[in-house]
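Here is the structure we will look at.
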Amino acid sequence: MQWELWARLGWHEIRRRYARTVLGPFWSALNLAVFVIAVGFVFSNLWGTDLKTFLPFLSTGVTTWLFISALMTEGCGIYSANQGVLKQFAFPKTVFALQCVWRNFIVFGHNLIVCLIVAIIFSVDLTLNSLFLIPGLFIVLLNGVWVGLVLGILCARFRDVQPLIGSFLQIMMLVTPVFWPPEQVGDLKPLIVDSNPLYHFLSIVREPLLGHAPSALNWSVSLSLTLLGWALALYMFTKFRHRVIYWV
Amino acid sequence: MAEMRLENVSVEFPVIGGSKSFRQTLLQRTAGGLIQRSSSDHRRITVKALDNISVDIKNGERVGLIGPNGAGKSTLLRLMAGILEPVSGHMSVEGKVSALFAPGIGMDMEDTGYDNVYNCGLYLGMSRKQISGIMPDIEEFTELGDYLSLPVRTYSSGMVVRLAFAVATAIHPEILLLDEGLGAGDARFAEKAKKRMAELLNRASIIVLASHSNDLIKSLCDKAIFMSAGKIEMFGDVDEVIEFYKESQKPSAA
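Sequence order for the protein chains is C and L.
Going letter by letter, the first sequence gives residues 2 to 249 in our numbering.
Going letter by letter, the second sequence gives residues 31 to 284 in our numbering.
Structure below.
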């Protein structure tokens with residue numbers, strides 16, 4: 002029963018990470034809440050934007066960004082971090098990718114509480130558009146699996162990939178409209194924002210959380226990347242799955 | 031009917047990222063597998079752990095693996111277990127395989143005994159239901175009682191061995207692969223472990239046991255494989271192979 006294995010390992014990893022803490026995974030939500038309040042207060046004054054619109058925008062953006070970036074950074078380690086069990090047991094090599102996605106989905110669920118509280122305080126209009134959250138999240142989860150497989154295999158072989166992804170995401174956090182509304186770049190939006198695939202994945206989760214519908218461009222880019230990514234993952238996985246054990 | 035057939039199987043470990051001097055020292059080593067340039071890419075250094083192995087193990091056979099350190103015994107077991115894939119050659123295995131290697135590697139010290147049983151069981155391919163099914167047996171055998179609800183880091187080393195042994199022997203494989211002696215613990219537990227091991231051995235259709243103890247191999251196996259530097263030197267009747275192995279070791283011992 003493969004799903005029993007990754008489902009259990011996913012929960013387990015979270016329990017282990019927060020072992021013997023009082024708040025457990027709610028630490029991550031508390032962390033996020035403090036961050037959103039501090040940054041929200043400073044930036045809204047800096048730019049003279051209204052807290053009522055900025056805080057919901059910021060909280061949903063950071064929550065979604067944390068989810069997406071964790072899928073990439075933690076996807077890097079799925080094989081190299083589990084070499085002990087890889088060398089001890091024979092089991093499907095997809096387990097760790099699924100475990101990684103599931104684990105980060107659980108963390109995302111806890112962080113979502115912050116978005117909900119912010120939405121209630123500032124009475125965000127959750128409309129029927131919010132239902133787009135379901136396909137949006139589903140697409141992000143699907144992509145998390147292929148990203149884990151591809152990066153996991155790459156990082157097992159080339160240890161430079163992990164720090165590379167780390168610095169890439171650090172820059173992308175500021176370049177992607179997580180903190181600033183995409184409209185602010187004006188005419189440069191196609192160049193700066195629309196060309197960034199991470200923006201589209203961010204939008205298909207964030208926009209529904211704000212009661213908006215993601216744009217057709219958001220959907221088409223994220224869906225095509227899902228297909229491309231899975232094709233790449235299937236190719237790499239069938240070709241290199243057997244080599245992973247020699248690399249870790 | 032369990033059967034295991036290996037045809038011209040080779041295993042090469044790539045040596046990734048070794049510095050030049052490290053590679054040079056490697057090349058001067060005398061023990062272990064053959065260190066060479068990869069056949070496909072001459073800049074790559076590989077350790078040839080298994081070199082063109084062909085062997086056919088039939089239902090009911092108990093095979094001992096003997097040979098000096100680095101002969102490829104553990105690599106061969108890991109290959110048979112499906113953990114390693116052959117680089118070249120063909121391998122076919124019929125029957126459910128299970129391997130008992132160094133017990134306790136899959137264990138997490140922060141987890142409770144129960145959690146570890148579940149995790150290891152799932153890795154071994156059992157379902158939660160099956161694991162719940164073997165739990166009374168594990169409770170009874172380990173005699174750990176309430177300790178099973180405590181993190182493993184609170185256990186004495188003997189208690190860890192008990193738990194690891196119980197989990198590893200709770201499965202019922204057709205093909206059983208063993209690396210060196212399992213066991214330890216106090217005298218009373220050692221006796222219990224021996225009995226459990228005997229039951230396990232009786233249930234399995236094929237056993238492959240790697241060990242440096244010729245006596246252990248003689249008592250458990252009817253056939254033996256003598257390995258050296260990644261090659262099979264001899265496969266046949268256990269007494270003959272051990273005799274041949276002893277002979278071959280004599281000049282170096284003198």
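All C-beta atoms, glycine included, are put in the ideal place defined by N, C-alpha and C.
Nearest neighbour of residue i, chosen from the options [CA to CA]
| i | options | result |
| --- | --- | --- |
| L/Val123 | L/Leu206, L/Ser249, L/Ile262 | L/Leu206 |
| L/Thr199 | L/Leu114, L/Asn244, L/Val127 | L/Val127 |
| C/Leu129 | C/Ser45, C/Leu47, C/Pro209, C/Val40 | C/Pro209 |
| C/Asn105 | C/Gly25, C/Leu31, C/Thr54, C/Gly76 | C/Gly76 |
| L/Asp167 | L/Ala129, L/Leu154, L/Pro98, L/Val147 | L/Val147 |
| C/Pro57 | C/Ser124, C/Leu10, C/Ser221, C/Leu199 | C/Ser124 |
| L/Ala194 | L/Pro203, L/Ala217, L/Asp145, L/Ile236 | L/Asp145 |
| C/Gly1 | C/His213, C/Pro191, C/Ser204, C/Val148 | In the structure displayed, chain C extends from 2 to 249; residue 1 of chain C sits before or after that span and is not available. |
| L/Val93 | L/Lys253, L/Ser104, L/Lys280, L/Glu277 | L/Lys253 |
| C/Leu229 | C/Val146, C/Arg18, C/Ser70, C/Phe109 | C/Val146 |
| L/Gly90 | L/Leu106, L/Arg108, L/Ser235, L/Leu36 | L/Ser235 |
| C/Gly212 | C/Leu132, C/Ser223, C/Ala232 | C/Leu132 |
| C/Ala98 | C/Trp7, C/Phe55, C/Ala217 | C/Trp7 |
| C/Thr227 | C/Asn46, C/Ile135, C/His201, C/Arg242 | C/His201 |
| C/Leu59 | C/Ser45, C/Val162, C/Leu218 | C/Ser45 |
Three-state secondary structure assigned by DSSP to residue i
| i | result |
| --- | --- |
| L/Ala129 | strand |
| L/Arg226 | helix |
| L/Thr60 | In this predicted model, L/Thr60 has a pLDDT of only 48, less than 50, meaning its place in the structure is not dependable enough to derive any value. |
| L/Lys78 | strand |
| L/Gln279 | helix |
| L/Gly119 | strand |
| C/Pro164 | helix |
| L/Asn244 | helix |
| L/Asn38 | strand |
| L/Met139 | coil |
| L/Leu208 | strand |
| L/Ser157 | coil |
| L/Met165 | helix |
| L/Val238 | strand |
| C/Ile114 | helix |
| L/Gly266 | strand |
| C/Pro93 | coil |
| L/Lys103 | helix |
| L/Lys88 | coil |
| C/Phe123 | coil |
| L/Ile113 | coil |
| L/Ser179 | helix |
Minimum Cβ-Cβ distance from residue i to chain C less than 8 Å
| i | result |
| --- | --- |
| L/Leu152 | yes |
| L/Ile46 | yes |
| L/Ile113 | yes |
| L/Phe131 | yes |
| L/Gly136 | yes |
| L/Tyr148 | yes |
| L/Phe43 | yes |
| L/Arg35 | no |
| L/Arg183 | no |
Neighbour flag for residue i against chain L, beta carbons, 8 Å
| i | result |
| --- | --- |
| C/Ile246 | yes |
| C/His243 | yes |
| C/Ala20 | yes |
| C/Leu6 | yes |
| C/Ala71 | no |
Residue i: CB within 7 Å of a non-hydrogen atom of the ligand ADP
| i | result |
| --- | --- |
| C/Val186 | The ligand ADP is not part of this structure, which contains no ligands at all. |
Inset, instruction - Inspect the CB distances between the stretch 76–91 of chain C and the stretch 117–131 of chain C and report whether three or more fall short of 8 Å. - result: no
Legend entry - Stretch pair the stretch 255–274 of chain L + the stretch 217–234 of chain L: three plus CB contacts closer than 8 Å: no
Inset, instruction - Inspect the CB distances between the stretch 128–146 of chain C and the stretch 97–112 of chain C and report whether three or more fall short of 8 Å. - result: yes
Inset, instruction - Determine contact between the stretch 138–145 of chain L and the stretch 181–192 of chain L, defined as no fewer than three beta-carbon pairs at a distance below 8 Å. - result: yes
Inset, instruction - Kindly confirm or deny that the stretch 62–69 of chain C and the stretch 151–165 of chain C touch, where touching means at least three C-beta pairs closer than 8 Å. - result: no
Inset, instruction - Report yes or no: do the stretch 182–197 of chain C and the stretch 29–46 of chain C share at least 3 C-beta pairs separated by less than 8 Å? - result: no
Legend entry - At least 3 beta-carbon pairs within less than 8 Å: the stretch 96–104 of chain L vs the stretch 112–123 of chain L: no
Legend entry - Continuous beta strand (DSSP E) assignments of at least 3 residues falling wholly in the stretch 141–215 of chain C: none
Inset, instruction - Pick out the complete alpha helix (DSSP H) segments inside the stretch 22–89 of chain C, 4 residues or longer, and give them in chain order. - result: 27–48, 52–77, 84–87
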